[in-house]
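Undergrad: Before I ask anything, let me first share the structure, which is written out below as structure tokens.
Below, the structure written as structure tokens:
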């Protein structure tokens, strides 16, 4: 129930294309869904996050789509650039006193020029 | 602001040796976390702390101990290293949780190889 399942494991996209990464969860108590971006040799950094009271959040070229009934959320990267090549992790947490995040297994994105 | 820093950056241990990983943050955050990252397994929480003097177990705590004697520091100890503990270790910190979750800020990681 605590798992967050992420797919695909890896993704190759041409420059200018749309990258889509999907995540699914079981625990309906999750109420915060962030995406983290990690470049090689660096720590993860928050990219964008959403709460279940909205179905979509957009920040620049990055959009989270959230489907509460299906317990799924996805990251869309529009006009993908070689600089977007990184590992992306979805995560989920339950509001409370710990801020603990449950991470997906990650997606390695390669954007080809 | 340096943010979250980790020491050392890389270490090689022999099976059975001990070591301590140091995490420091200068953002006055209450919460601190230790994760390990392994290929295909994402980030898994080892231990965490919700304030100075407190610690709690995460998802994979066996073989590790932690201490939070000062608010800005969170130490991860391996008493008797095993090859299964070969991993990249990340420390993170965040402000108060509750109704408004706070962003976790990650350090640059410590790469540990246990032979």
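Chains as they are written, first to last, in the working numbering: chain A, 42 to 154; chain B, 26 to 140. Backbone N, C-alpha and C fix where the C-beta goes; we use that ideal spot for every residue, glycine too.
1. In whole angstroms, give me the CA-to-CA distance for residue 123 of chain A and residue 151 of chain A.
2. Does any residue of chain A bring its CB to less than 9 Å from the CB of residue 92 of chain B?
3. Starting from residue 102 of chain A and walking both ways along the beta strand (DSSP E), at which residues does that stretch end?
4. Is there a C-beta anywhere in chain B that falls below 9 Å from the one on residue 77 of chain A?
5. Spell out the partners DSSP gives residue 57 of chain B in its beta bridges.
6. Just list the residues that DSSP pairs residue 72 of chain A with in beta bridges.
7. Out of B/93, B/97, B/65, point me to the one whose CA is closest to residue 22 of chain A's CA.
8. Using 8 Å for Cβ pairs, my map puts residue 142 of chain A next to residue 50 of chain B. What's the rounded Cβ distance?
9. Using the beta-carbon of each residue, which ones in chain B are nearer than 9 Å to residue 148 of chain A?
10. Looking at the structure shown, is residue 132 of chain B part of a helix, part of a strand, or coil, going by DSSP?
11. Residue 76 of chain B and residue 90 of chain B: beta carbons closer than 9 Å?
12. Have a look at residue 99 of chain B and residue 116 of chain B and give me their C-alpha separation to the nearest angstrom.
13. Thinking C-alpha only, which one of A/90, A/60, A/84, A/128 is nearest residue 132 of chain B?
14. Tell me which same chain residues have a C-beta within less than 6 Å of the C-beta of residue 54 of chain A, skipping the five on either side of it?
15. Establish whether the CB of residue 144 of chain A and some CB of chain B are separated by less than 9 Å.
16. What separation, rounded to the nearest whole angstrom, lies between the Cα atoms of residue 81 of chain B and residue 134 of chain B?
17. Can you find a CB in chain A that lies within less than 9 Å of the CB of residue 119 of chain B?
18. What number of angstroms, rounded off, separates the C-alpha of residue 59 of chain B from the C-alpha of residue 88 of chain A?
19. Does any C-beta atom of chain B lie closer than 9 Å to the C-beta of residue 83 of chain A?
20. Could you confirm whether any beta carbon from chain A is found closer than 9 Å to the beta carbon of residue 129 of chain B?
21. State the start and end residues of the unbroken beta strand (DSSP E) segment that holds residue 113 of chain A.
22. Starting from residue 89 of chain B, follow the beta strand (DSSP E) in both directions and report where the run begins and ends.
23. Residue 140 of chain A: buried (16+ other C-beta within 10 angstroms of its C-beta) or exposed?
TA: In terms of the structure at hand:
1. As a working note, residue 123 of chain A is residue 82 in the first chain. As a working note, residue 151 of chain A is residue 110 in the first chain. Distance between the alpha carbons of residue 123 of chain A and residue 151 of chain A: 7 Å.
2. As a working note, residue 92 of chain B is residue 67 in the second chain. Residue 92 of chain B does not count as touching chain A.
3. Taking the first residue of the first chain as position 1, residue 102 of chain A is located at position 61. That residue, residue 102 of chain A, is in no beta strand (DSSP E); it is neither H nor E in DSSP.
4. In the first chain, the residue the question calls residue 77 of chain A occupies position 36. It does: the Cβ of residue 77 of chain A has a partner Cβ on chain B nearer than 9 Å.
5. On the second chain, residue 57 of chain B is found 32 positions in, with the first residue counted as 1. Answer by DSSP bridge pairing, in chain order: B/74, B/118.
6. As a working note, residue 72 of chain A is residue 31 in the first chain. DSSP, once it has assigned bridges, lists no residue as partnering residue 72 of chain A.
7. With chain A represented from 42 up to 154, any question about residue 22 of chain A goes unanswered, as that position is not in the structure.
8. By one-based count along the first chain, residue 142 of chain A stands at place 101. By one-based count along the second chain, residue 50 of chain B stands at place 25. About 17 Å separates the two Cβ atoms, so there is no contact after all.
9. Residue mapping note: residue 148 of chain A aligns to position 107 of the first chain, counting from 1. Going along chain B, no residue has its Cβ under 9 Å from residue 148 of chain A, so there is no contact; the nearest lies around 10 Å.
10. In the second chain, residue 132 of chain B corresponds to position 107, counting from 1. Reduced to three states, the DSSP call for residue 132 of chain B is coil.
11. Walking along the second chain from the start, residue 76 of chain B turns up at place 51. Walking along the second chain from the start, residue 90 of chain B turns up at place 65. Not a contact, by the Cβ cut-off of 9 Å.
12. The residue you call residue 99 of chain B lines up with position 74 of the second chain. The residue you call residue 116 of chain B lines up with position 91 of the second chain. Using only the alpha carbons, I get a separation of about 8 Å.
13. For this step, residue 132 of chain B is matched to residue 107 along the second chain. It is A/84 whose Cα lies nearest to the Cα of residue 132 of chain B.
14. What you label residue 54 of chain A is simply residue 13 of the first chain in a count that begins at 1. Same-chain partners within the cutoff: 60, 121, 152.
15. By 1-based counting over the first chain, the position of residue 144 of chain A is 103. At least one chain B Cβ lies under 9 Å of residue 144 of chain A.
16. Your numbering for residue 81 of chain B matches position 56 in the second chain. Your numbering for residue 134 of chain B matches position 109 in the second chain. Residue 81 of chain B and residue 134 of chain B: Cα-Cα distance of roughly 21 Å.
17. Residue 119 of chain B sits at position 94 when you count from the first residue of the second chain. Judged by the 9 Å Cβ criterion, residue 119 of chain B is in contact with chain A.
18. Position 34 of the second chain, counted from the first residue, corresponds to residue 59 of chain B. Position 47 of the first chain, counted from the first residue, corresponds to residue 88 of chain A. Taking the straight line from one Cα to the other gives about 20 Å.
19. In the first chain, the residue the question calls residue 83 of chain A occupies position 42. Yes, because at least one Cβ of chain B sits closer than 9 Å to the Cβ of residue 83 of chain A.
20. Taking the second chain and counting its residues from 1, one reaches residue 129 of chain B at position 104. Yes, residue 129 of chain B counts as interfacial toward chain A.
21. Position 72 of the first chain holds residue 113 of chain A. Unbroken beta strand (DSSP E) run through residue 113 of chain A: 113 to 118.
22. Here residue 89 of chain B refers to the residue found at position 64 when the second chain is read from its first residue. Residue 89 of chain B -> no beta strand (DSSP E), and no H or E assigned at all.
23. Here residue 140 of chain A corresponds to residue number 99 of the first chain, with the count starting at 1. So residue 140 of chain A counts as buried.
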